[in-house]
Amino acid sequence: VVFPGFELLDVFGPMEILTALSVFYKLSLSIIAAEPGLVSAGIPPFAHMAGAPESDFGYVITPSIEATHSFDNAPPIDILYVPGGLGVVTLDQDNDTSIEDFINLRYPRAEYLVGVSFGVAPLARSGVLNGKRATTNKSGWKWITAHGENITWVPQARWVEDGNIWTTSGMASSLDATYALFEMLYGPRTINYMTNVIEYAPHLDPEWDPYSAVFNVPGSDGNATAADCVAPLPVVR
Numbered sequence: 001v002v003f004p005g006f007e008l009l010d011v012f013g014p015m016e017i018l019t020a021l022s023v024f025y026k027l028s029l030s031i032i033a034a035e036p037g038l039v040s041a042g043i044p045p046f047a048h049m050a051g052a053p054e055s056d057f058g059y060v061i062t063p064s065i066e067a068t069h070s071f072d073n074a075p076p077i078d079i080l081y082v083p084g085g086l087g088v089v090t091l092d093q094d095n096d097t098s099i100e101d102f103i104n105l106r107y108p109r110a111e112y113l114v115g116v117s118f119g120v121a122p123l124a125r126s127g128v129l130n131g132k133r134a135t136t137n138k139s140g141w142k143w144i145t146a147h148g149e150n151i152t153w154v155p156q157a158r159w160v161e162d163g164n165i166w167t168t169s170g171m172a173s174s175l176d177a178t179y180a181l182f183e184m185l186y187g188p189r190t191i192n193y194m195t196n197v198i199e200y201a202p203h204l205d206p207e208w209d210p211y212s213a214v215f216n217v218p219g220s221d222g223n224a225t226a227a228d229c230v231a232p233l234p235v236v237r
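So the sequence shown is numbered by full-length UniProt numbering: it starts at 1 and just counts up by one.
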């Protein structure tokens, strides 16, 4: 699924792994949006808080991706993948529930549902995370975890599996979770070969999460350390 303001790494990182695997396995890919055609990663204007003026991100580089299908004509889906991006905030402020509606329509027939970073918010709003464990982007933790009900939010995790729903931390974690998912589905031999070809070394521990310390996520392990992160670290108030 894509939408205006999708996060580039959330989409193109896992797509690199999927494309590499398709050398060996018969796979298909559908890019699904509200309407077929080009969808910009440009961040739509949104307010950082209720009553605040909208921020204009028109100066940001805005690559696009072409949606092959709409929500109405999407083909059968085995793995439904919902990326993040600040466009999720705009959809929320516009009361646009098209992604949530699509999740509720297609999740019962899918093998797996994956929510990445800010893309976990639509999963929470849709209700599919009720009674589930989940994690999400640590820099957007407060906003994202305000959505949904009866969700056990895991504050320190690179990714979380609960049944056939996978949720991930911030953008680059999409690569690690995608690796873990396809390693589970196809075994280590081929995917390890391809990750070495693309010179990517995945984090294998789902509990590795220095960003819970970087962003001072409530409930995270007090022993978590940001030693693996580059400086300067963001100032979190």
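Glycine included, each C-beta is placed from N, C-alpha and C at the ideal position.
Using a Cβ-Cβ cut-off of 8 Å (strictly less than) and excluding sequence neighbours within five positions of residue i, which residues of its own chain qualify?
{"i": "residue 134", "result": "115, 120, 123, 124, 151, 152, 153, 154, 160, 162, 165, 167"}
{"i": "residue 130", "result": "148, 149, 150, 151"}
{"i": "residue 74", "result": "30, 32, 102, 106"}
{"i": "residue 224", "result": "156, 209, 210, 212, 213"}
{"i": "residue 143", "result": "89, 121"}
{"i": "residue 231", "result": "none"}
Have a look at the options and flag the residue whose alpha-carbon is nearest the alpha-carbon of residue i.
{"i": "residue 204", "options": "73, 12, 182, 26", "result": "182"}
{"i": "residue 145", "options": "219, 192, 27", "result": "219"}
{"i": "residue 177", "options": "212, 27, 136, 190", "result": "136"}
{"i": "residue 14", "options": "93, 79, 187", "result": "79"}
{"i": "residue 92", "options": "108, 45, 110, 69", "result": "45"}
{"i": "residue 157", "options": "206, 143, 188, 193", "result": "206"}
{"i": "residue 212", "options": "186, 173, 68", "result": "173"}
{"i": "residue 26", "options": "192, 186, 69", "result": "186"}
{"i": "residue 239", "options": "143, 184, 224, 76", "result": "For the chain, the structure presents residues 1 to 237; residue 239 sits outside this window and is missing."}
Straight-line CA distance for residue i to residue j?
{"i": "residue 147", "j": "residue 140", "result": "12 Å"}
{"i": "residue 226", "j": "residue 41", "result": "29 Å"}
{"i": "residue 66", "j": "residue 54", "result": "27 Å"}
{"i": "residue 228", "j": "residue 180", "result": "21 Å"}
{"i": "residue 169", "j": "residue 175", "result": "11 Å"}
{"i": "residue 36", "j": "residue 197", "result": "33 Å"}
{"i": "residue 200", "j": "residue 171", "result": "15 Å"}
{"i": "residue 60", "j": "residue 43", "result": "8 Å"}
{"i": "residue 221", "j": "residue 86", "result": "27 Å"}
{"i": "residue 96", "j": "residue 82", "result": "15 Å"}
{"i": "residue 24", "j": "residue 94", "result": "42 Å"}
{"i": "residue 188", "j": "residue 68", "result": "30 Å"}
{"i": "residue 84", "j": "residue 98", "result": "15 Å"}
{"i": "residue 21", "j": "residue 58", "result": "36 Å"}
{"i": "residue 193", "j": "residue 1", "result": "28 Å"}
Contact check, residue i vs residue j under 8 Å by CB: the rounded distance?
{"i": "residue 3", "j": "residue 33", "result": "6 Å"}
{"i": "residue 10", "j": "residue 117", "result": "6 Å"}
{"i": "residue 128", "j": "residue 113", "result": "7 Å"}
{"i": "residue 132", "j": "residue 217", "result": "The Cβ separation is near 18 Å, so there is no contact."}
{"i": "residue 18", "j": "residue 63", "result": "Wrong, their Cβ atoms sit about 18 Å apart, outside the cutoff."}
{"i": "residue 71", "j": "residue 39", "result": "At roughly 12 Å, the Cβ-Cβ gap does not stay under 8 Å, so residue 71 and residue 39 are not in contact."}
Give every residue of the same chain whose Cβ lies closer than 6 Å to the Cβ of residue i, excluding the five residues on either side of it in the sequence, and list them in chain order.
{"i": "residue 214", "result": "226, 229, 233"}
{"i": "residue 126", "result": "100, 103, 104"}
{"i": "residue 108", "result": "none"}
{"i": "residue 56", "result": "45"}
{"i": "residue 110", "result": "77, 80"}
{"i": "residue 191", "result": "182, 183"}
Note down, in chain order, each residue of its chain lying with its Cβ closer than 7 Å to the Cβ of residue i, except the 5 sequence neighbours on either side.
{"i": "residue 16", "result": "198"}
{"i": "residue 195", "result": "179, 202"}
Ordered list of alpha helix (DSSP H) runs contained in the region 18 to 89, each at least 4 residues
none
Quick one: which unbroken beta strand (DSSP E) runs of 3-plus residues sit fully inside the region 88 to 165? Chain order, please.
112 to 115, 159 to 162
Report the residue ranges of all alpha helix (DSSP H) runs contained in full by the region 188 to 228; include only those spanning at least 4 residues, in chain order.
188 to 197, 211 to 214
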